[in-house]
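Using this note's numbering, you'd call the opening residue of the sequence shown number -17 and step up by one each time.
Note sheet for the following structure.
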Amino acid sequence: MLSEQGVLRASIVVTFALAAFGIVFGLLSGSFSIAFDGVFALTDAAMTTVALGVSHLIVQSAKRDALSGKLRNRFTVGFWHLEPMVLGLNGTILIMVAIYALINALLSIQAGGRELEFGYAILYAATTLLVCLGMALFDWRTNRRIQSDFIKLDIHSWLMSGAISGALLIAFAIGYSVEGTTYDWVAPYIDPAVLALISLAIIPIPVGTVRQAVADMLLLTPPDLKAHVDEVAAETIERHGFLGYRAYVAKVGRAKQIELYFIVRKNGPAKPLEAWDRIRDEIGEAIGDESHNRWLTIAFTTDTGWAE
């Protein structure tokens, strides 16, 4: 069964191959939209490579002695914060590439369009469409088990690439069919027009990923997670007779960071440390999701100043 890193490695290899394929066929056919598709794939492959590196660090940080002493000492709280940075950067770059392509397409239309070899273009678009749909299906089936944000973004990228290829295939087929007819004047505008439409369609797609990445980097509290933690804390107070609590919750990439401070009565009956640890264990079980992606801190104090 493939891991997150195995899926990303396979995606990188296929994406680099498609990028080279697109650039070569873009030159052969004279199509800027095909060349853009190749550059888009190359950019996506580069960012997926970065995502693979971050995924490797996150997984290895959960294993004892898996990282060098220098890395452990410099990143004592883990590498989760790198995930939203990479996702945000990836989405931003894809948006900027699409905006650049849109500008070039509009300039090409103003200049009278572009002649191209539709035979090469149709062959490229059909081949790329099949590969993209196949990779998106492969990622989707694998991610039903893994539940990775990185693979989810990779699925979006393959679907975007597939949409580009499908639009190119339809447009090139139309261009091929009008050659030598009374509508022959339309042919030079096919390539820049479809590139402009594709760019407009691509630009909004990564926005959701960028928005979520920014929320994670700003440590915004997820309402559903906060509500769950509050419910567990309230039940704990009622059960053990504590005076109150303070909860601090954030989501950073795949990680959940939770800090809980319980206010206990002054001069209350003494308890051994094992008793406090048992309370911590019951709180941790109630919160759930006990894995290396959960950072849970539980403290007890009589001084509210330590909890603020």
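We put the CB at the ideal spot given by N, CA and C, even for glycine.
Predicted model, so just to flag it, every value in this text is computed and none were measured.
Short of 7 Å from the beta carbon of A149, and not among the five residues preceding or following it, lie these beta carbons of its own chain, in chain order: V176, L179 and I180. About 45 Å separates the beta carbons of E99 and G235, which is beyond the 8 Å limit, so they are not a contact pair.
Under a 10 Å Cβ-count criterion, A93 is classified as exposed, with fewer than 16 other Cβ atoms of the shown protein chains found around its own Cβ. Boundaries for Q129: no alpha helix (DSSP H) harbours it, and the DSSP string shows neither H nor E there.
Excluding five sequence positions before and after I280, the CB atoms of its chain that fall closer than 7 Å to its own CB belong to L242, R262 and I265, given in chain order.
Out of G270, I104 and S(-15), the CA that lies nearest to the CA of R126 is found in S(-15). Short of 8 Å from the beta carbon of A107, and not among the five residues preceding or following it, lie these beta carbons of its own chain, in chain order: I16, S147, G148, L150, L151 and F154. With fewer than 16 other CB atoms across the displayed protein chains lying within 10 angstroms of its CB, D206 is exposed. When DSSP states are grouped into helix, strand and coil, K208 belongs to the helix group.
By the Cβ-count criterion, N249 is exposed, with fewer than 16 other Cβ atoms from all chains shown falling within 10 Å of its own Cβ. Using a Cβ distance threshold of 8 Å, V246 and L225 count as a contacting pair.
Cα atoms of S90 and I156: separation of roughly 19 Å, rounded to the nearest angstrom. In this structure the segment 103 to 117 does not touch the segment 198 to 216; the number of beta carbon pairs closer than 8 Å is below three. Take T25, set aside five residues on each side of it, and the residues of its chain with a beta-carbon closer than 8 Å to its own are I75, L76 and V79, in chain order. Within the same chain, L(-16) and V(-11) come within 6 Å of T124 by CB-CB distance, once the 5 residues on both sides are set aside. Sequence-distant Cβ neighbours of S37 in its own chain, meaning closer than 7 Å and more than five residues away, are E(-14), Q(-13), L(-10) and F132. Rounded to whole angstroms, S(-7) and S43 show a C-alpha spacing of 23 Å.
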